[in-house]
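Undergrad:
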Amino acid sequence: DQQVKQNSPSLSVQEGRISILNCDYTNSMFDYFLWYKKYPAEGPTFLISISSIKDKNEDGRFTVFLNKSAKHLSLHIVPSQPGDSAVYFCAASAFDYGGATNKLIFGTGTLLAVQP
Amino acid sequence: EAGVAQSPRYKIIEKRQSVAFWCNPISGHATLYWYQQILGQGPKLLIQFQNNGVVDDSQLPKDRFSAERLKGVDSTLKIQPAKLEDSAVYLCASSLLLRASTDTQYFGPGTRLTVL
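Line order of the protein sequences matches chains S and A.
The first sequence runs -4 to 111 under the working numbering.
The second sequence runs 3 to 118 under the working numbering.
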């Protein structure tokens, strides 16, 4: 049961243009969403997050949008740079106060290639 | 601030052999996680510690996998005996504050395990 889905395995954009990475989820209990960036042979690096009480969060060139009714979030990178080329993982969590656990559920990732 | 440290970075073993991975979290981080990332998939949580106690090991194959966190700091993950399907990257992550969904997890570089 894939609770977090990234349906595009790869995306190629030109330098300077906008990159849009998409993520869908099925569990309505998720209340916190994150994007991680991963370079080869490195661990995932936290990029940006959004709480379910918001619909937009912006940090420099990166903006995450959350549409709760559609159970969909997206990451916008503007302008895209060659250094942004990496695998981007969407992740979601729902804090379990009963069990005191905070499990992150990851999507399968999207490989972004920014062409110079 | 030093990040999450892991060793070794790479390990090749034959099936039925044993292997151990080590993780040192970010200083002061009470929560530590071990994830398994199989090629083409997102990371999957194996076990979560709060200080030196286990709070979630529901997805840990306990017949062959074990983990401990000594004195609430470093942690080791062991596989005994290894199977071919254990070939994956094993990621360690840590976070500061458990009791909130907004507790960001920071990842180490991972250990790539190949089982022949």
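Every residue gets a Cβ at the ideal spot worked out from N, C-alpha and C, and that includes glycine.
Comparing alpha-carbon positions, which option in Ser5(S), Gln(-2)(S) and Val(-1)(S) lies nearest Leu107(S)?
TA: Stepping through the first sequence from its first residue, residue 107(S) is reached at position 112. When each option's Cα is compared against that of Leu107(S), the closest is Ser5(S).
Undergrad: With DSSP collapsed to three states, give me the class of Lys73(A).
TA: Along the second sequence, one-based indexing puts residue 73(A) at 71. Note: Lys73(A) maps to helix in three-state DSSP.
Undergrad: Since Asn22(S) and Ala89(S) should fall inside the 8 Å C-beta cutoff, what is the C-beta to C-beta distance between them, to a whole number of angstroms?
TA: As a working mapping, residue 22(S) is identified with position 27 in the first sequence. As a working mapping, residue 89(S) is identified with position 94 in the first sequence. With a Cβ gap of about 7 Å, Asn22(S) and Ala89(S) count as contacting.
Undergrad: Is there a C-beta anywhere in chain S that falls below 7 Å from the one on Gly30(A)?
TA: Within the second sequence, the letter at position 28 stands for residue 30(A). Not one chain S Cβ lies under 7 Å of Gly30(A).
Undergrad: Would you identify the three-state DSSP class for Gly78(S), choosing helix, strand or coil?
TA: As a first step, residue 78(S) is located in the first sequence; it is residue number 83 there, counting from the start. The answer is helix: DSSP assigns Gly78(S) an H, G or I state.
Undergrad: Per the DSSP calculation, Val59(S) is bridged to which residue(s)?
TA: For the purposes of this step, residue 59(S) is identified with residue 64 of the first sequence, where counting begins at 1. Per DSSP, Asn52(S) and Leu70(S).
Undergrad: Using a Cβ-Cβ cut-off of 7 Å, state whether Glu53(S) counts as contacting chain A.
TA: Translated into positions along the first sequence, residue 53(S) becomes position 58. For Glu53(S), the answer is no, since every Cβ of chain A falls outside 7 Å of its Cβ.
Undergrad: Of all the residues that make up the region 30 to 49 of chain A, which are near chain S by a beta-carbon distance shorter than 9 Å?
TA: Those would be Thr33, Tyr35, Tyr37, Gln39, Gly42, Gln43, Gly44, Pro45, Lys46 and Leu47, in chain order.
Undergrad: Would you identify the three-state DSSP class for Asp88(A), choosing helix, strand or coil?
TA: The sequence position of residue 88(A) within the second sequence is 86, counting from 1. Three-state result, Asp88(A): helix.
Undergrad: With burial defined as no fewer than 16 other Cβ atoms inside 10 Å of the residue's Cβ, what is the status of Val136(A): buried or exposed?
TA: A question about residue 136(A) goes unanswered here, because the residues of chain A that appear run from 3 up to 118.
Undergrad: From the beta carbon of Tyr27(S), is the nearest beta carbon of chain A less than 7 Å away?
TA: The residue given as residue 27(S) occupies position 32 in the first sequence. Chain A contact via Cβ: present.
Undergrad: Go ahead and pull the three-state DSSP assignment for Ile109(S).
TA: For this step, residue 109(S) is matched to residue 114 along the first sequence. Looking at the sequence itself, residue 109(S) is Val, so the reference to Ile does not match. Strand, per DSSP.
Undergrad: Name, please, each residue of chain S whose Cβ falls closer than 8 Å to the Cβ of Thr116(A).
TA: To locate residue 116(A), count along the second sequence from 1; it is residue 114. Simply none; closest approach about 14 Å.
Undergrad: Would you identify the three-state DSSP class for Asp65(A), choosing helix, strand or coil?
TA: Residue mapping note: residue 65(A) aligns to position 63 of the second sequence, counting from 1. Correct three-state label for Asp65(A): coil.
Undergrad: Taking the continuous beta strand (DSSP E) assigned at Leu41(A), which residues delimit it?
TA: Here residue 41(A) refers to the residue found at position 39 of the second sequence. No beta strand (DSSP E) holds Leu41(A); DSSP gives it neither H nor E.
Undergrad: Out of Cys85(S), Ile72(S), Ala36(S) and Asn52(S), state which residue places its alpha-carbon closest to the alpha-carbon of Ile100(S).
TA: Within the first sequence, the letter at position 105 stands for residue 100(S). The shortest C-alpha separation from Ile100(S) is found at Cys85(S).
Undergrad: Gln1(S) and Gln110(S): beta carbons closer than 7 Å?
TA: Here residue 1(S) refers to the residue found at position 6 of the first sequence. Here residue 110(S) refers to the residue found at position 115 of the first sequence. Not a contact, by the Cβ cut-off of 7 Å.
Undergrad: Taking a cut of 9 Å between CB atoms, which residues from the region 28 to 45 of chain S lie near chain A?
TA: Flagged, chain order: Leu29, Tyr31, Lys33, Ala36, Glu37, Gly38, Pro39, Thr40, Phe41 and Ser44.
Undergrad: What's the gap between the Cα of Asp65(A) and the Cα of Ala87(S)?
TA: For this step, residue 65(A) is matched to residue 63 along the second sequence. For this step, residue 87(S) is matched to residue 92 along the first sequence. Using only the alpha carbons, I get a separation of about 28 Å.
Undergrad: Please classify Ile49(A): is it buried, with 16 or more other beta-carbons within 10 angstroms of its beta-carbon, or exposed?
TA: The residue given as residue 49(A) occupies position 47 in the second sequence. The residue is buried, with at least 16 neighbouring Cβ atoms inside 10 Å.
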